[in-house]
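Asker: Residue numbers (the numbering used here): 7 to 381.
Glycine is no exception: its CB is placed at the ideal position from the N, C-alpha and C atoms.
Because the structure is a prediction, the values reported are computed rather than measured.
If you scroll down you'll find the structure; I have some questions about it.
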Amino acid sequence: MKIGITCYPTYGGSGIVATELGLELALRGHEIHFISYAHPIRLPVESEHIHFHEVEVTNYPLFAYPPYCLALAGRMAEVAERYGLDLLHVHYALPHAVSALLARQMLAPRLQLPFVTTLHGTDITLVGQEPSYYAITKYSIDASDGVTTVSQYLNDRTREVFGVEKPMRTIHNFVNCELYQPRRPDDTGRRPRLMHISNFRPVKRPTDCIRVLKSVVERVDAELWMVGDGPERGPCERLARELGVSDRVEFCGKQDHVERLLPRADVLLLPSEHEAFGLAALEAMACGVPPVATRVGGVAELIDDGVDGFLEAVGDTGAQAERVVELLSDPVLHGRVSRAARLAAETRFDSRRIIPQYEQYYEEVLGNFSASAGV
Ligand code: GMT
Numbered sequence: 007m008k009i010g011i012t013c014y015p016t017y018g019g020s021g022i023v024a025t026e027l028g029l030e031l032a033l034r035g036h037e038i039h040f041i042s043y044a045h046p047i048r049l050p051v052e053s054e055h056i057h058f059h060e061v062e063v064t065n066y067p068l069f070a071y072p073p074y075c076l077a078l079a080g081r082m083a084e085v086a087e088r089y090g091l092d093l094l095h096v097h098y099a100l101p102h103a104v105s106a107l108l109a110r111q112m113l114a115p116r117l118q119l120p121f122v123t124t125l126h127g128t129d130i131t132l133v134g135q136e137p138s139y140y141a142i143t144k145y146s147i148d149a150s151d152g153v154t155t156v157s158q159y160l161n162d163r164t165r166e167v168f169g170v171e172k173p174m175r176t177i178h179n180f181v182n183c184e185l186y187q188p189r190r191p192d193d194t195g196r197r198p199r200l201m202h203i204s205n206f207r208p209v210k211r212p213t214d215c216i217r218v219l220k221s222v223v224e225r226v227d228a229e230l231w232m233v234g235d236g237p238e239r240g241p242c243e244r245l246a247r248e249l250g251v252s253d254r255v256e257f258c259g260k261q262d263h264v265e266r267l268l269p270r271a272d273v274l275l276l277p278s279e280h281e282a283f284g285l286a287a288l289e290a291m292a293c294g295v296p297p298v299a300t301r302v303g304g305v306a307e308l309i310d311d312g313v314d315g316f317l318e319a320v321g322d323t324g325a326q327a328e329r330v331v332e333l334l335s336d337p338v339l340h341g342r343v344s345r346a347a348r349l350a351a352e353t354r355f356d357s358r359r360i361i362p363q364y365e366q367y368y369e370e371v372l373g374n375f376s377a378s379a380g381v
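And the structure:
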């Protein structure tokens, strides 16, 4: 198939999933065209069967805001026509699904261009519920030729909040278990290490990681690596100073190869307020790193509490710290949870299991689209 993929190319779960999906589909022989304002960060510059088309947004003094949505629609239509795309797959509802809808309409007389929208989380749980975006989010979901959600939780939530009636397919996040491996480096003698990976937005509650560390170091020796960057980084740095743990926190900034960092952790912290699935926890599990996460959204579809990780209430940093202390002070427990985490990643969420679900869904969408168009 020839597939156009649009996503946010920067750091964030939806862009990562879209990029990894494109790479995996290309490995399976599909021709992939990324259409976005910048080169996706995890996309190697030279990859077979992969093309990148930049969207240029020209500004003009009349525009208070550059109209990216329109420039994207125009570029989608142009690329689709030039390369004969079979479908578009857009990640994160706004504005991508709206641009795809416009591109489909623009081409309708000459080319059939169905589009699939994947909902990732905050597009539904936060952004889509803003009064100014609610109606357009609902419209673009209803107008999509296929919709997938990254968890059953998000599927149910979308139905509930937007009153969507058509079927939406749940396809969980995936991880490449050959790339993400428990390759523990030989660094014996180092301090036990907690790790947090996110875009440091308030929804991720990264300051809770600092509070967890503070409670943990009162009982066992430990340090914390904070990977990523975003608006909450400053508050995290301040809190670490206030709580007297700044010498135990390393702010690593944005990192392109988390698969190299994760195996160096002993526990992953994911204290989010909302989480449609929890990709960072899955990547950690593939590396045999037990996650201590919050019981929110779709995280329970990933983590079997007490078996391959732990779930605690949002904001209960005391309980989260307790779990971390148990894992760090009991090597037998740590080993058991670590092996179960890796097994869950391999048996339920490996890309070899999940990518065919997307391929099959594309086939279904194309079949239904052709049937309804009378082709
Ligand atoms: O908030 C983020 O982490 C980014 C966000 C995104 O859309 O870029 O991530 C969402 O998509 C990921 C990939 O599907 C999911 O694993 C995350 O759970 C989800 N984040 C939230 O729901 C907060």
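#1: So, using beta-carbon positions, are F375 and P120 closer together than 7 Å?
#2: For the candidate residues T323, I360, E265 and E184, whose alpha-carbon lies nearest to that of R48?
#3: Is it buried or exposed for F180, if we count other Cβ within 10 angstroms and need 16 for buried?
#4: Any heavy atom of the ligand GMT inside 6 Å of the beta-carbon of S20?
#5: Going by C-alpha to C-alpha distance, which of L333, D314, G303 and L334 sits closest to V320?
#6: Assuming contact is defined by CB atoms lying nearer than 7 Å, are R163 and I130 in contact in what I supplied?
#7: Going by other Cβ atoms of all chains shown within 10 Å of its Cβ, with 16 needed for buried, is A282 buried or exposed?
#8: Would you decide whether A327 is buried or exposed? Buried here means 16 or more other CB atoms lie within 10 Å of its CB.
#9: Taking only heavy atoms of the ligand GMT into account, decide whether any of them is closer than 6 Å to the Cβ of V181.
#10: Report the three-state DSSP secondary structure of G315 (helix, strand or coil).
#11: For the ligand GMT, is there any heavy atom lying closer than 6 Å to the beta carbon of G134?
#12: Using only the heavy atoms of the ligand GMT, determine whether one of them is closer than 6 Å to the beta carbon of G281.
#13: Under 8 Å by Cβ, that's how I've got L268 and E289 pegged, so tell me the actual separation to the nearest angstrom.
#14: Shortest alpha-carbon distance to E332 belongs to which of A228, G373 and I11?
#15: Hey, quick one: how far does the beta strand (DSSP E) through T154 stretch, first residue to last?
#16: Using the C-alpha atoms, what's the distance from Y71 back to V63?
Answerer: According to the structure data:
#1: Yes, they are a contact pair.
#2: Minimum Cα-Cα distance from R48 among the listed residues T323, I360, E265 and E184 corresponds to E265.
#3: By the neighbour-count criterion, in which a residue is buried when 16 or more other Cβ atoms sit within 10 angstroms of its Cβ, F180 is buried.
#4: S20 Cβ: within cutoff of the ligand GMT.
#5: Out of L333, D314, G303 and L334, G303 has the C-alpha closest to the C-alpha of V320.
#6: With contacts defined as CB atoms closer than 7 Å, R163 and I130 qualify as a contacting pair.
#7: The Cβ neighbour count for A282, taken over all protein chains shown within 10 Å, is at least 16; the residue is labelled buried.
#8: With 16 or more other Cβ atoms within 10 Å, it is buried.
#9: No, Cβ of V181 sits at least 6 Å from all heavy atoms of the ligand GMT.
#10: DSSP, read as helix, strand or coil, puts G315 in strand.
#11: False, no ligand heavy atom lies under 6 Å from that Cβ.
#12: According to the sequence provided, residue 281 is Glu. The question's Gly does not apply to it. Distances from the CB of E281 to the heavy atoms of the ligand GMT include at least one below 6 Å.
#13: Sure, about 6 Å apart at Cβ, within 8 Å.
#14: Distances from the CA of E332 to each of A228, G373 and I11 were compared; the closest alpha carbon is that of A228.
#15: Taken as a continuous stretch (DSSP letters only), the beta strand (DSSP E) holding T154 covers G152 to T155.
#16: Going by the C-alpha atoms only, they are around 10 Å apart.
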